[in-house]
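If you count by full-length UniProt numbering, then the sequence shown holds residues 1 to 310, one letter each, in order.
First comes the structure, then the notes that go with it.
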Amino acid sequence: MSRCDECGKQENMPYQCRHCGGTYCAEHRLPENHGCPGLDSWDDPGGVFDSGFDDSVADDSGGGGLSDRLGIDTGPGGPLGYFRGNMTYAFLGLMWVTFFLQLVVRIVAPGLVEPIFVLSPAHPEYVWTWFTSIFAHGGFGHIAINSIVIFFFGRIVEDYVGSRDFAVLFLGSGALAGLGQVGFQIYQYGGIPAPGPGVAGVIGASGAALAIMAVLTVLNPNLTVYLYFLLPVPLWLLTVGYTGYTVYLILSTGIGAGGTAQLAHLLGLGIGLLYGQHVKGRRRVPEQLQFGAGGRGPGGPGGPGGRGPF
Numbered sequence: 001m002s003r004c005d006e007c008g009k010q011e012n013m014p015y016q017c018r019h020c021g022g023t024y025c026a027e028h029r030l031p032e033n034h035g036c037p038g039l040d041s042w043d044d045p046g047g048v049f050d051s052g053f054d055d056s057v058a059d060d061s062g063g064g065g066l067s068d069r070l071g072i073d074t075g076p077g078g079p080l081g082y083f084r085g086n087m088t089y090a091f092l093g094l095m096w097v098t099f100f101l102q103l104v105v106r107i108v109a110p111g112l113v114e115p116i117f118v119l120s121p122a123h124p125e126y127v128w129t130w131f132t133s134i135f136a137h138g139g140f141g142h143i144a145i146n147s148i149v150i151f152f153f154g155r156i157v158e159d160y161v162g163s164r165d166f167a168v169l170f171l172g173s174g175a176l177a178g179l180g181q182v183g184f185q186i187y188q189y190g191g192i193p194a195p196g197p198g199v200a201g202v203i204g205a206s207g208a209a210l211a212i213m214a215v216l217t218v219l220n221p222n223l224t225v226y227l228y229f230l231l232p233v234p235l236w237l238l239t240v241g242y243t244g245y246t247v248y249l250i251l252s253t254g255i256g257a258g259g260t261a262q263l264a265h266l267l268g269l270g271i272g273l274l275y276g277q278h279v280k281g282r283r284r285v286p287e288q289l290q291f292g293a294g295g296r297g298p299g300g301p302g303g304p305g306g307r308g309p310f
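Right, dumping it as C-alpha cells:
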C-alpha cells in the first residue's frame, strides 16, 4: 500500500504523475490538484484532461502503445472518448447484451445462431464470428464465471495499460485464442470439415479473461486473492494450477475435453503472459483482492471457462 505525497492517504491503487513522478491518491492525481511543477511547461490549449490511468502510464521507450500505432483515437474529442477508462464495463455489457440476443435469435431464427455467434471450423471465413464469438456464451454459468473474472481483474489491467491497449488485448486475445482452437481442429480434421452436429464451434470470453488474469499474474505474481473472503491464495498459484490442469486435460482427453475449448484457454494464458512481460514495470498494482461481492475490495478469479464450449 502506498501513501499519497500530497495528503498522506494510504492508497491501494496509487496514481503516479508522469510529469513530476510523485505518487498520489485519486483526489490528487491530476497535476493541478497537487501543484505539479510540470504545469509550468504545459502548452496544451485544451487544458488538462482527466484521463485517469491512461495519461499516467509512462513508456520510457518513447513509443506509444499498440493502439497508438494502430491509430485508434480515444482522446477527449474522439468518437470513442466515452469509453475511455470504461472498456471493462463496456465489454461486460456487450457480453450480456449478446447473451440475451442469442436467446432471442434461438427462439425466432434458430438456424442463425451458429452463423452469427459461433466461430466454427466449418466456416473460419466468417470473419465477424472471430469477435461475436467472444461475447456469446454457452449458458448462464459460462457467462457468469467469465464476468466475475473480467469484472474484478479487468479494471486493474485496464487502469495499468490504458483503455485503448486493454481493448486491443481483450479483442486480440479472445480472437486469437478462438482461432487457435479452430485452426487445430481443422488440422485434426485434415481440412475444413462440412457443417454437422459433430463439428464443435467456439464461443465465450474465456480466452480474453484468462489473458487478463495472466497479465496480472506477471505484474504482481504474489497478489493475494481471498477466495470467498477466507482463503488467501497467491495469484501465481491460481494461474499455475489452472494452467497445469488445462495441460493435463489436453494431454489426457484432447483439446475439447469436457466440452470446453481447452486449447483456447491455454492460448489465452500464453498471450497474457507474453503481454504482461511487455508492459511490466510501468506502475504498481494492488497487493490484495477479495473474491465475491461486498467486503473491502474487489475479488479474484473463480476460474474462467465453466459450462459451455469456451
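We put the CB at the ideal spot given by N, CA and C, even for glycine.
For E6, name the three-state secondary structure that DSSP assigns. The three-state secondary structure of E6, taken from DSSP, is coil.
According to DSSP, is E27 helix, strand or coil? The DSSP-derived three-state label of E27 is coil.
DSSP on Y245, reduced to helix/strand/coil? Y245 falls in the helix class under three-state DSSP.
Starting from the Cα of T224, find the closest Cα among L210, T239 and A211 and give me that residue. Of the candidates L210, T239 and A211, the one whose C-alpha sits nearest the C-alpha of T224 is T239.
Simplified DSSP state of V127, which is helix, strand or coil: Of the three classes helix, strand and coil, the one that applies to V127 here is coil, per DSSP.
For my contact list, residue 345 and I203 are in at a C-beta cut-off of 8 Å; report their separation, rounded to the angstrom. An answer regarding residue 345 cannot be provided, because it is not within the stretch 1 to 310 covered by the chain.
I'd like to confirm the pairing. Which residues does DSSP put opposite Q16 in its beta bridges? Paired residues: T23.
In three-state DSSP terms, what is V182? It is helical.
What does DSSP give as the partner residues of V202 in its beta bridges? V202 has L119 as its beta-bridge partners, per DSSP.
Rounded to a whole number of angstroms, what is the C-alpha to C-alpha distance between D5 and G281? Straight-line measurement puts the Cα of G281 at about 20 Å from the Cα of D5.
Backbone CA spacing between D55 and G162 [nearest angstrom]: Only weak support is given to the placement of D55: the predicted model assigns it a pLDDT of 38, under 50, and the value that follows is read from those uncertain coordinates. Rounded to the nearest angstrom, the gap between the Cα atoms of D55 and G162 is 8 Å.
Taking one C-beta from the segment 190-208 and one from the segment 240-252 each time, how about it: are there three or more such pairs within less than 8 Å? With a cut-off of 8 Å on Cβ pairs, the segment 190-208 is not in contact with the segment 240-252, counting fewer than three such pairs.
What's the C-alpha gap between G268 and L103? Cα-Cα distance, rounded: 27 Å.
Residues near Y126 by beta carbon distance below 7 Å, same chain, minus five either side: Counting only Cβ-Cβ distances below 7 Å, and skipping sequence neighbours, we find P115.
Is it buried or exposed, D43, if we count other Cβ atoms within 10 angstroms and call 16 or more buried? Confidence at D43 is low in this model, with a pLDDT of 47, below 50, so the placement of that residue should be treated as unreliable; the coordinate-derived value is given next. Here D43 is exposed: its Cβ has fewer than 16 other Cβ atoms, across all protein chains shown, within 10 Å.
Can you name the start and end residues of the alpha helix (DSSP H) that N33 belongs to? Element bounds for N33: n/a, residue is neither H nor E.
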